Amino acid sequence: MSKIIIAIDGFSSTGKSTVAKQLAKNLNYIYVDTGAMYRAVAYFALENNLIGDGFFKEDDLVNRLEDIRITFKFNETAGFAEVYLNGENIEAAIRTLKISKYVSPVATLSAVRRKLVEQQQLMGKDKGIVMDGRDIGTVVFPEAELKIFMTASAETRAKRRYKELTDCGHELSYEDVLENVTTRDHIDSTREDSPLVKAEDAIEIDNSDLTIEEQLDTIVGLAEALISK
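Quick note: the sequence shown uses our numbering, first residue 566, plus one each step.
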């Protein structure tokens, strides 16, 4: 049975990671959340006062990229791989609205993208991987056998993200989350380096009214058809 690369791209808060994580588990594939890697760089920038309200020391961040080491370690209790930055578990720290605010500007930097894309390509060189992000099917693995592009209305995505954050104890308004979602959409879609676009051969799934199970059933069916060839 052959192994394939599955690329799942799409806008923020479309549930890419949730579906990709479960898909990888079902297929016994490796799962890589590339968005978490960009969040880790944004976290590093914030912690080192390289980005904040009204400022972004882009050159300083680029000059310190060699100080950033991102790894994933599987947490058997949680059932998924957690993100580590220079040996520190930052899984919870990077899942905040504050990090969401700065991750898109950080991801526009070509030097950051080059560094992370190189790591991502190494992770998938032996195939048998599910990777989600913004440019997996267009830049990281344009040769991926299965490409999915996930979308949903901004309002639907904001509601999902708002529930996710408030369930974790964060205090914030739905309006703030919606603004963050629409701002990230604009930045991700208009950046010069690797903008968020649907690959020509990607299968689009609008999951505004789909359950996770319905999405999984569709993608698992597509994947199994390719794997069994």
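Yeah, the Cβ is synthetic: ideal placement off N, Cα and C, and Gly gets one too. Remember, it's a predicted structure, so these values are computed and weren't measured experimentally.
>> Just to confirm the assignment: which complete beta strand (DSSP E) runs, minimum length 3, are found wholly within the stretch 578-608?
In response: 595-598
>> Could you give the first and the last residue of the continuous beta strand (DSSP E) run that contains Glu-740?
In response: Unbroken run through Glu-740 is the alpha helix (DSSP H), 739-755; no beta strand (DSSP E).
> How is Gly-702 classed by DSSP in three states: helix, strand or coil?
Replying inline: helix
> Can we say the stretch 606-613 touches the stretch 745-752, given the rule of at least three CB pairs closer than 8 Å?
Replying inline: no
> In terms of residues, what are the limits of the beta strand (DSSP E) holding Ile-573?
Replying inline: 570-575
> For Ala-788, which residues of its own chain have a beta-carbon under 8 Å away from its beta-carbon, when the five flanking residues on both sides are left out?
Replying inline: Ile-569, Ile-571, Leu-588, Leu-592 and Leu-711
> Contact check, Asn-651 vs Arg-634 under 8 Å by CB: the rounded distance?
Replying inline: 5 Å
> Roughly how many angstroms lie between the CA atoms of Met-688 and Ala-585, to the nearest whole one?
Replying inline: 16 Å
> Assuming Phe-637 and Glu-647 make a contact with CB atoms under 8 Å, what is their CB distance in whole Å?
Replying inline: 7 Å
>> For Lys-590 and Met-715, which I take to be in contact (beta-carbon distance under 8 Å), what is that distance rounded to the nearest angstrom?
In response: Incorrect: roughly 18 Å between the Cβ atoms, too far for contact.
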